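A quick write-up on the structure given underneath.
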Amino acid sequence: MVAVTRFPDEIVHAVLHHMNDDHADDSLLIARAFGDRGATDSRMIDVTPDAGHWVYSLGDDLGERALSVRWSRTISERPEIRHEIVALYDRACTILGETPRPH
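Each residue of the sequence shown is one higher than the one before, counting from 1 in the UniProt record's numbering.
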């Protein structure tokens, strides 16, 4: 098996579109759990075999902060991305005391 160092652009774009358009609240929850509880907005900017990458802001004039959260393991297939994001969402809910929605 060949190690994946980067997902193809079409996969990355599809994941970012889905997360930022359909799951913006989940990205904000992840930013609050793993970045700063005061995050006011967040968007996913990249997905790699090792981590999900977001930027978030605190509603101040200091701009966006970068946030990278490692997956539970290195991944190489597109379906694994969804699995890892769902697991990250569930972890964020636990950290913040939120009830996760069914998957």
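Every residue, glycine too, gets a C-beta built ideally from N, C-alpha and C. Computed from a predicted structure; not experimentally measured.
Item	Value
Starting from the Cα of Ile30, find the closest Cα among Ile95, Arg6, Asp46, Ser76 and give me that residue.	Ile95
Looking only at its chain, what residues have a beta carbon closer than 6 Å to the beta carbon of Leu16, apart from the 5 residues adjacent to it on each side?	Met44
Rounded to the nearest angstrom, how far is the Cβ of Val12 from that of Val55, given a contact under 8 Å?	Incorrect: roughly 15 Å between the Cβ atoms, too far for contact.
Do the CB positions of Pro100 and Cys93 come within less than 8 Å of each other?	yes
Given this structure, state the Cα-to-Cα distance separating Asp36 from Leu28, to the nearest angstrom.	10 Å
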